[in-house]
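This report refers to the structure that appears directly beneath it.
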Amino acid sequence: MKTNHALILTILGLLVISTAQIVAHYIQLPDFIFGAITGVGIGLMILAVIKLKKTISM
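So this is what it looks like as structure tokens:
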């Protein structure tokens, strides 16, 4: 069974970003923490796109 790593990374990135939004709604987070968590989520999604491009070009 072949796993699609790009899909897993995309879902993980969206989950991290949405979790940061939900936590920030209920708890006052410093801007640095909120930005860092959101940046990690965006980084995971960018990594998914890079991984997808590598698998398509091979």
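Every letter in the sequence shown is one number past the one before it in numbering that gives the first Met the number 0, and letter 31, counting from 1, is 30.
All residues carry an ideal CB built from backbone N, CA and C; glycine is no exception.
In this text, all values refer to a predicted model and were calculated from it rather than measured experimentally.
Residue i versus residue j - alpha carbon distance
{"i": "residue 18", "j": "residue 49", "result": "23 angstroms"}
{"i": "residue 22", "j": "residue 15", "result": "11 angstroms"}
{"i": "residue 6", "j": "residue 36", "result": "20 angstroms"}
{"i": "residue 34", "j": "residue 4", "result": "25 angstroms"}
{"i": "residue 25", "j": "residue 54", "result": "40 angstroms"}
{"i": "residue 39", "j": "residue 28", "result": "16 angstroms"}
Limits of the alpha helix (DSSP H) - the one that residue i falls within
{"i": "residue 54", "result": "30-56"}
{"i": "residue 20", "result": "4-25"}
Assumed close pair residue i, residue j - CB separation to whole angstroms, cut-off 8 angstroms
{"i": "residue 12", "j": "residue 43", "result": "3 angstroms"}
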